[in-house]
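Top line first, the protein sequences correspond to chains L and X.
Start counting the first sequence at 1; every next residue gets the next number (the working numbering).
Start counting the second sequence at 1001; every next residue gets the next number (the working numbering).
To start, the structure under review is shown below, and the notes come after it.
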Amino acid sequence: MDEISDAMAAGGEAVIVGRAAGHSRVLGRLEQAAIVAPQLAGLWALNVAGVWAVRKAALPVPGNLVGMLALYGLLALGVVKLAWFEPAGSFLIKHLAFFFVPITVGLMDSGPLLLAHGLAIMVVLAVSAAVGILLAGFVSQWLLTRPRRRRAEP
Amino acid sequence: MTALPGAAVTGLGIAVTIGAYALSLRARKRYPSPLTTPVLFSTAIVVAVLLGSGISFADYGPAKQIMTFLLGPATVALALPLYKNRRVFFRNIVPAGCGLLAGSLGTMIVAGLTARVLGITPLLTSSIAIKSATVPIAVEIAAIIHGAPALTAIFVVMTGMLGASLGPWLMNRLGITHPVSRGLALGTISHGQGTAEAVAEGQLSGAVAGVAMGLGAVCTSLAALYVVPLLAG
């Protein structure tokens, strides 16, 4: 009998815990949205500012790049904190690839062009990637391991 | 399909794109390979569905507009890993800075020259020379230097795949062993995909790659203004 009531009590507890968890999950989602929305707005505003500055100054550089550098500058100056952008920023970066898809779908209009030059394109991509990797790798490694500056890495 | 109103086509376009992306994440988990790279895999599915249902890229335009709304903010967010990992980079500023310049300028010049030698059109040459900058920045550079953004996007993704899959092998072969150098090379040339590979190699490589990806894009966008017109002729 005791065993049964224990089990029932335990079961009841589990139901309550389960309900509480479900409840807090809903609240958690809302809370998350309340945190993420202003963060997205902040990142969006920086992007708009970057695009605007580039247009205003007639600079031939991407506005989003200027927005990125602006955010870096604000972080470095201590005007804004890393934590202010945290869940939203990581989420966007994690799924960055998603935003590329609508752009690359544009390839459906350039199929013949790609087919005509397919082999040459692959050669260009492979050769230039290999040369770039070797240049970046060798130049930095040579400078890192020069005898007088030999130093253990952190 | 022409009977469908614009809003329905847009809704369908968005649903198909999100579905294809979700599917690609699963595919990559189960069958990790360059072919299951999310961008490539999703693009193939979306293009197949659009062609199959007679929807043109122009019809897909509004859906594209809606979905790429967050691309700008996402690009700005790239400052976060840049800032988080800045110390490792600045501690090695001379070697890392020189390697970064050599790599991003070198790959641009070699791509442009090879393209010219192989007789590729000026439009393709301009679009391919900037392929080592991360996609959102590369497509903006393409618009500035009169390349084709959609072509640039696919060249960038393919460079990411090539560098991330063949880069470590190449560096093993040729004795590039320093973790800073390996991370730098992967991030500079293969941006996001290279950075993911560098993170898998180790924390130090990953941190350097994250910074190299951001600064490489800066380098490419500035250099492209002067170098690409010479190369594309």
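Where is the CB? At the ideal position from N, CA and C, for every residue including glycine.
Check                                                                                                                                                               : Outcome
Hey, does glutamine 32 (chain L) have any beta-carbon neighbour from chain X nearer than 8 Å?                                                                       : no
May I have the straight-line CA-CA distance separating arginine 146 (chain L) from isoleucine 133 (chain L), to the nearest angstrom?                               : 20 Å
Go through its chain and collect everything with a Cβ distance to threonine 1043 (chain X)'s Cβ below 7 Å, but skip five positions before and after it.             : none
For alanine 1183 (chain X), which of X:Ile1144, X:Asn1085, X:Cys1219 has the nearest alpha-carbon?                                                                  : The sequence shown places glycine at residue 1183 (chain X), not alanine. Nearest C-alpha to glycine 1183 (chain X): X:Asn1085.
Can you list, in chain order, the residues of its chain whose CB lies under 6 Å from that of valine 1228 (chain X), leaving out five sequence neighbours each side? : Ser1126, Ala1129, Ile1145
Can you name the residues of chain L whose CB is closer than 7 Å to the CB of isoleucine 1154 (chain X)?                                                            : Thr104, Leu107
Exposed or buried, what is glutamate 31 (chain L) when buried is set at 16 or more other beta-carbons lying within 10 Å of its beta-carbon?                         : exposed
Following the continuous alpha helix (DSSP H) through tryptophan 1169 (chain X), name the residue where it begins and the one where it ends.                        : 1149-1174
Quick one: which chain X residues come within Cβ less than 8 Å of isoleucine 93 (chain L)?                                                                          : Ala1074, Ala1077, Leu1078, Leu1080, Pro1081
How is tyrosine 1031 (chain X) classed by DSSP in three states: helix, strand or coil?                                                                              : coil
Report buried or exposed for leucine 82 (chain L), applying the criterion of at least 16 other Cβ atoms within 10 angstroms of its Cβ.                              : exposed
For leucine 1101 (chain X), tell me which candidate among X:Gly1233, X:Pro1034, X:Ala1212, X:Leu1231 has the shortest Cα-Cα distance.                               : X:Ala1212
With a threshold of 16 other CB atoms inside 10 Å of the CB of serine 90 (chain L), please say whether the residue is buried or exposed.                            : exposed
Which term fits lysine 56 (chain L), buried or exposed, when burial requires 16 or more other beta carbons within 10 angstroms of its beta carbon?                  : exposed
Which of the three DSSP states is assigned to leucine 59 (chain L) in this structure?                                                                               : coil
Using 8 Å as the threshold, is the C-beta distance between glycine 106 (chain L) and phenylalanine 1041 (chain X) below it?                                         : no
Check whether the Cβ atoms of cysteine 1098 (chain X) and leucine 144 (chain L) sit closer than 8 Å, and answer yes or no.                                          : no
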